[in-house]
Structures are given as C-alpha cells and as structure tokens.
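In this note's numbering, the protein residues as written are 882 to 1122.
We treat Cβ as the ideally placed atom computed from N, Cα and C, and that holds for glycine.
Here the structure is a predicted model, which means the values were calculated and not measured.
Shown next, in structure tokens, is the structure this report addresses.
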C-alpha cells in the first residue's frame, strides 16, 4: 500500500509537459524578371539583382541560442521550427550575417499555438533589405485565413458575405466541404470607384486549409497594383525540425 501511494504521489508531482509549438515562414511578392547571357554560344542564367528576392536562408532566434538555417522561397511556406512557449522575441538573421549584427527582422511571437510569419517588401521598400512582417496563428483544417497585406483597404466578398478589410487585418472563414466558396477582391481605383482585382473559387478537401494573401504587386511595371495568392496545404502534423 505504501509503495502504491508513493508511486501515485510521484506521478502526480511531475510537471505537465507543454506541447511543442512551431513557427513557419512565408515570403510573398513577385520574382524579378528572368535574366540570362550567352557565353561561347551557351546560355547562362544570371543571379537576380541584390535585394530583388528575399534571403534564401534565414536563422531564427528566440532570445537564446539561434536555431539552424531555414530555407525561404517566394510563395512557399518554410519547414516548421520549434518555438518556445509564451510571448517573447523572434528575430531573423540572414544566413551569412554575423549574429552580433542587427537582425534582418524583429517581431513578437504569439502567446500560444503554432503560428506563421508572413514577410513582404513594404510599399516604399525598393529591396528586400527592408522587410515588413505579420504574425498570424495557423488556421485549422477546413478554413481559410484571408490577409490584407495591401497598403489600402479592400472589399472581400466571401460567398454571400461582403466586408471591408483594412491594411494588416486578417479574417478566418470556414470552407464548406460540399461546395467551393466564391471569392472576390475589390479595391478603389484613382477615382474612388471599386475595381475587381480577383474573382475565383476557394475549396479544400478534408484535412486541408487555405491561406489567401492580398498584396501589392511589386514586380517590374506590373499591369495591376494588387495581386491575390491562394495557398492550399494539409493541416496535419509534419516532421519537426
């Protein structure tokens, strides 16, 4: 009896293990024009101009020892990185930069749960040397998170719903399993009239979630100032870095 009581007390006294949480990174924007040159009759692709794309790898730090390098590609969500519990700093250095130098991006992580860091080139930034950022919680399966990274307010028509979304704002909406949702994005032109910039369907199979980003077209002489990107992904667990 004594042994049983001691075992029960020992088990109850063990602190509860907090579940692991993760952070991922997504850079949004336009790729620079493809460049090439011909040398001795052979075509060679040229490196993009400095600052025209985000760093290919970033090193996250949470106030302690920095994590390993994480690949960063335009329009692709990075692998997951374990993040500490609670609020606190999250700093990103470009791979190759000295960790004693100022970080490329500094932000605050969310209190709980997995989250995604969105990175983009700001409206007045000509290069990726100066990046804007936004932290959002991971959306659950069967839902769509809509982010307005455009510097102006936009109108979002989600099925029968119509609402105004200010710059930097985000909304979460369920996606019905039996039918896609019609999505329209409108923004005011120079005259103040609302102009439609996107019209399409958003759908997700079981276990999927969607991320809709509304952003400024930052390519060379874009025909339209506003761009909409839709990413679908499985919301299930992935291997941990």
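As the crow flies, the alpha-carbon of residue 931 is around 15 Å from that of residue 1099. Distances from the CA of residue 960 to each of 951, 983 and 966 were compared; the closest alpha carbon is that of 951.
As the crow flies, the alpha-carbon of residue 977 is around 12 Å from that of residue 949. A Cβ-Cβ contact shorter than 8 Å links residue 955 with residue 912. Just so you know, the alpha carbons of residue 921 and residue 1112 end up roughly 41 Å apart. Per the coordinates, the alpha-carbon of residue 1051 lies some 5 Å from the alpha-carbon of residue 1027. In this structure, residue 1082 lies away from residue 958, with their beta-carbon atoms at least 8 Å apart. The beta carbons of residue 985 and residue 942 sit about 11 Å from each other, so the pair does not count as a contact at 8 Å. Straight-line spacing of the CA atoms in residue 971 and residue 1023 works out to 28 Å. CA-CA distance, residue 1071 to residue 967, rounds to 44 Å. Annotated as proximal: residue 1094 and residue 1110, with beta-carbon spacing under 8 Å. Under DSSP, residue 919 forms a beta bridge with 924.
Runs of the alpha helix (DSSP H) lying entirely within the region 1033–1082 and spanning at least 4 residues: none are present. One Cα belongs to residue 1064, the other to residue 1042, and the distance between them is close to 10 Å.
Between residue 1068 and residue 1031, the C-beta gap is smaller than 8 Å, which places the two residues in contact. Beta-bridge partners of residue 1111 (DSSP): 1093. For residue 1005, no beta strand (DSSP E) segment is defined, and its DSSP state is neither H nor E.
By the C-beta density criterion, residue 934 is buried, having at least 16 other C-beta atoms within 10 angstroms. Cα atoms of residue 903 and residue 1012: separation of roughly 22 Å, rounded to the nearest angstrom.
Between the alpha carbons of residue 1104 and residue 901 lies a distance of about 44 Å. The residue from 1003, 940, 962 and 928 with its alpha-carbon nearest to that of residue 982 is 940.
Residues of the same chain with a CB within less than 6 Å of the CB of residue 1034, apart from the 5 flanking positions on each side, are 1045 and 1047 in chain order. The C-alpha of residue 993 lies about 30 Å from the C-alpha of residue 1062.
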